[in-house]
Amino acid sequence: MGPLEAVGEENQTDEMKMELFTKLYLPRYTTPLSELALDPKPELKDSTTLVEVQIILIFAYCSIILLGVIGNSLVIHVIIKFKSMRTVTNFFIANLAVADLLVNTLCLPFTLVYTLLGEWKLGPVLCHLVPYAQALAVHVSTVTLTVIALDRHRCIVYHLESKISKRISFLIIGVAWAVSALLASPLAIFREYSLIEIIPDFKIVVCSEKWPGEGQLNYGTIYSVSMLLIQYVLPLAVISYAYTRIWTKLRNHVSPGAGNDHYHHRRQKTTKMLVCVVVVFAVSWLPFHTFQLVSDIDSQVLDLKEYKLIYTVF
7 MGPLEAVGEE
17 NQTDEMKMEL
27 FTKLYLPRYT
37 TPLSELALDP
47 KPELKDSTTL
57 VEVQIILIFA
67 YCSIILLGVI
77 GNSLVIHVII
87 KFKSMRTVTN
97 FFIANLAVAD
107 LLVNTLCLPF
117 TLVYTLLGEW
127 KLGPVLCHLV
137 PYAQALAVHV
147 STVTLTVIAL
157 DRHRCIVYHL
167 ESKISKRISF
177 LIIGVAWAVS
187 ALLASPLAIF
197 REYSLIEIIP
207 DFKIVVCSEK
217 WPGEGQLNYG
227 TIYSVSMLLI
237 QYVLPLAVIS
247 YAYTRIWTKL
257 RNHVSPGAGN
267 DHYHHRRQKT
277 TKMLVCVVVV
287 FAVSWLPFHT
297 FQLVSDIDSQ
307 VLDLKEYKLI
317 YTVF
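All residue numbers for the sequence shown refer to the numbering used here, where the first residue is 7 and numbers rise by one.
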């Protein structure tokens, strides 16, 4: 749910619109409410409109996008170019890189533009596509990290060489994308692109979630809770268990020879790298999921200025 998604239906009465504006938008303006109808361009005091804040956001987003595109492209290039790198685990790592590229090229740039403009001016297609692409990429990453952890667990803890062939790994990757596309689809379906007239002669373009159900039966909240469990809690529990078992096994392992020591060292290095990826994933997405759930349950928890800035940072 984005910062403008607390906006209601298009057929609201003028009284409802005025109440909505008073609750959500008044903190952003220095112009008195009685003069807004006469002022075509009210003065904004949203913190994200400050030049200093915009410079920081632009620098941070551009740095993340640039590093993400270069880093993930290099990972994919190396795995494709060098035959020795075309292992099952590396195919899964390449899949993670593809998902991350999707976020860096499609989601982050438009999120930044939306924040700087203050309303959605990117059209109806991107209104449906951007949130869907972000959810798709996160689902794919989660499934892939879980598969890698389970494969490493089986190989290291039970001393079994991976029986996943390259063909099977591609099949798993395909299934991961298909399932992820299905899980993310509600964010593309239950979405509305509309022009809302807050007060006479003052309109904003809104890209918001529009879920069926009202009152206690709020499908948006149900979806958020379900995704929190499916996309975050359950995979994180499985991954944490797998790597805890692997760490315990490696710590207690005694290699009988130099050759095995080298092989054991390679396994340790790979496992440590993957654990770091999982930790970063868990820490990075926890604030977002928490913020998303809280805002779905109670859209009045944060005023618009705080909502917009925190949403952009997360």
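Every residue, glycine too, gets a C-beta built ideally from N, C-alpha and C.
Apart from the five residues on each side of it in sequence, which residues of its chain come closer than 7 Å, Cβ to Cβ, to residue i?
{"i": "A141", "result": "A190, L193"}
{"i": "Y67", "result": "L114, L118"}
{"i": "H134", "result": "A194, R197"}
{"i": "L132", "result": "F116"}
{"i": "A187", "result": "L142"}
Roughly how many whole angstroms lie between the Cα atoms of residue i and residue j?
{"i": "S230", "j": "V284", "result": "21 Å"}
{"i": "E203", "j": "N96", "result": "52 Å"}
{"i": "L256", "j": "I162", "result": "8 Å"}
{"i": "Y164", "j": "M233", "result": "32 Å"}
{"i": "Y120", "j": "L73", "result": "21 Å"}
{"i": "H83", "j": "I303", "result": "43 Å"}
{"i": "L156", "j": "W253", "result": "13 Å"}
{"i": "V153", "j": "V212", "result": "38 Å"}
{"i": "F208", "j": "V286", "result": "43 Å"}
{"i": "F176", "j": "I99", "result": "12 Å"}
{"i": "S301", "j": "H295", "result": "10 Å"}
{"i": "I71", "j": "V94", "result": "27 Å"}
{"i": "I236", "j": "K275", "result": "29 Å"}
{"i": "P218", "j": "S171", "result": "44 Å"}
{"i": "A288", "j": "L242", "result": "7 Å"}
{"i": "G124", "j": "L240", "result": "36 Å"}
{"i": "R158", "j": "K278", "result": "11 Å"}
{"i": "P137", "j": "L56", "result": "26 Å"}
{"i": "I76", "j": "F65", "result": "16 Å"}
{"i": "P247", "j": "I210", "result": "In the sequence as presented, Pro is not what sits at residue 247; that position holds Tyr. Looking at the two C-alpha atoms, the distance is approximately 48 Å."}
{"i": "N110", "j": "L63", "result": "15 Å"}
{"i": "N258", "j": "R251", "result": "11 Å"}
{"i": "I228", "j": "K87", "result": "44 Å"}
{"i": "R92", "j": "L299", "result": "39 Å"}
{"i": "S90", "j": "H271", "result": "18 Å"}
{"i": "R173", "j": "E58", "result": "51 Å"}
Would a C-beta distance cut-off of 8 Å place residue i and residue j closer than the cut-off?
{"i": "N78", "j": "I179", "result": "no"}
{"i": "V281", "j": "Y238", "result": "no"}
{"i": "I85", "j": "L151", "result": "no"}
{"i": "A326", "j": "L107", "result": "This structure cannot settle anything about residue 326, because the visible part of the chain is limited to 7 through 320."}
{"i": "V149", "j": "A184", "result": "no"}
{"i": "Q60", "j": "L128", "result": "no"}
If you follow the alpha helix (DSSP H) that residue i is part of, which residue opens it and which one closes it?
{"i": "E58", "result": "57-87"}
{"i": "K255", "result": "240-258"}
{"i": "P218", "result": "It is not in any alpha helix (DSSP H) - P218 carries neither H nor E in the DSSP assignment."}
{"i": "S230", "result": "225-233"}
Cutting at 6 Å between CB atoms, please list the residues of its own chain near residue i, excluding the five before and the five after it.
{"i": "P130", "result": "Y199"}
{"i": "A105", "result": "A143, V146, S147"}
{"i": "V81", "result": "A103"}
{"i": "L112", "result": "A139"}
{"i": "L201", "result": "K209, V211"}
Can you list, in chain order, the residues of its chain with a C-beta nearer than 8 Å to that of residue i? Leave out the 5 residues immediately preceding and following it.
{"i": "W291", "result": "V144, Y238"}
Next on the checklist: In chain order, what are the residue ranges of uninterrupted beta strand (DSSP E) at least 3 long that sit wholly in the region 152-207?
Outcome noted: Complete beta strand (DSSP E) runs here, min 3: 197-205.
Checklist entry - Could you give the uninterrupted runs of the alpha helix (DSSP H) lying entirely in the region 97-153, keeping only those of 4 residues or more? => result Here the runs fully enclosed are 114-123.
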